[in-house]
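Residue numbers (this note's numbering): 5 to 205. For each residue, glycine too, the CB sits at the ideal point set by N, CA and C. All of these numbers come straight from a predicted model, not from anything done at the bench.
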């Protein structure tokens, strides 16, 4: 099913008794794909002629349902053996955000995901990260390991010098309390980068 047809079905629930195919095609042309449309900020969606508050709410319900579905595939399961599902979830949650967001996935001794928490949000190209706070939270949760994840709103997941330095600080802070840092993943619209895979961890 093409993206515009799927979007047409979602819009029809909010705009009944009207041909919503042209609107669906307009939205796809403007934002690029079904995923980009449902993840777009409310105010940008409302700039499109023919889109109402009800239609935007319907699209946000679809986005929330998709995110909830991806999360159920990873929460309470071994993170390292569900890596693809974990990356898919992080991409769905963060890749299209207009601001940087830093989240930490907390794992138990068997590497089962016990918590997924957004630690901070920032600007379009920066978010503050405090390794001591992450380690403190890991101890509160009884976590044995963490996976750090943040997004690059630019779309390019290449690690910056600041990303690399912060990761080193985090590894040092965690090591002192015997908490493992399994990876630091950066997600963007064009894909993801793993510090472990890049030899940076």
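The alpha helix (DSSP H) with residue i in it runs from where to where?
i, result
"residue 98", "87-98"
"residue 170", "165-179"
"residue 55", "Residue 55 -> no alpha helix (DSSP H), and no H or E assigned at all."
"residue 125", "Where residue 125 is concerned, there is no enclosing alpha helix (DSSP H), although the beta strand (DSSP E) it sits in stretches over 117-125."
"residue 11", "7-18"
"residue 139", "135-145"
"residue 26", "25-35"
Quick test of your reading: residue i and residue j, contact by CB under 8 Å. State the CB separation rounded to the nearest angstrom.
i, j, result
"residue 171", "residue 199", "6 Å"
"residue 186", "residue 151", "5 Å"
"residue 43", "residue 191", "12 Å between Cβ atoms; not a contact."
"residue 59", "residue 18", "4 Å"
"residue 184", "residue 149", "4 Å"
"residue 189", "residue 94", "6 Å"
"residue 139", "residue 178", "6 Å"
So is residue i buried or exposed if we call it buried at 16+ other beta carbons inside 10 Å?
i, result
"residue 132", "exposed"
"residue 155", "buried"
"residue 33", "exposed"
"residue 180", "exposed"
"residue 120", "buried"
"residue 15", "buried"
Over the uninterrupted beta strand (DSSP E) stretch that includes residue i, give me the two end residues.
i, result
"residue 42", "Per DSSP, residue 42 belongs to no beta strand (DSSP E); it is in the alpha helix (DSSP H), 38-43."
When the distance is taken between beta carbons, is residue j closer than 8 Å to residue i?
i, j, result
"residue 49", "residue 63", "yes"
"residue 96", "residue 74", "yes"
"residue 20", "residue 103", "no"
"residue 106", "residue 142", "no"
"residue 123", "residue 137", "yes"
"residue 159", "residue 194", "yes"
"residue 135", "residue 167", "no"
"residue 41", "residue 13", "no"
"residue 30", "residue 52", "yes"
Just list the residues that DSSP pairs residue i with in beta bridges.
i, result
"residue 196", "191"
"residue 152", "108 and 188"
Does any C-beta atom of chain D lie closer than 8 Å to the C-beta of residue i?
i, result
"residue 185", "Annotation note: the requested chain D is absent from the structure, which comprises a single protein chain."
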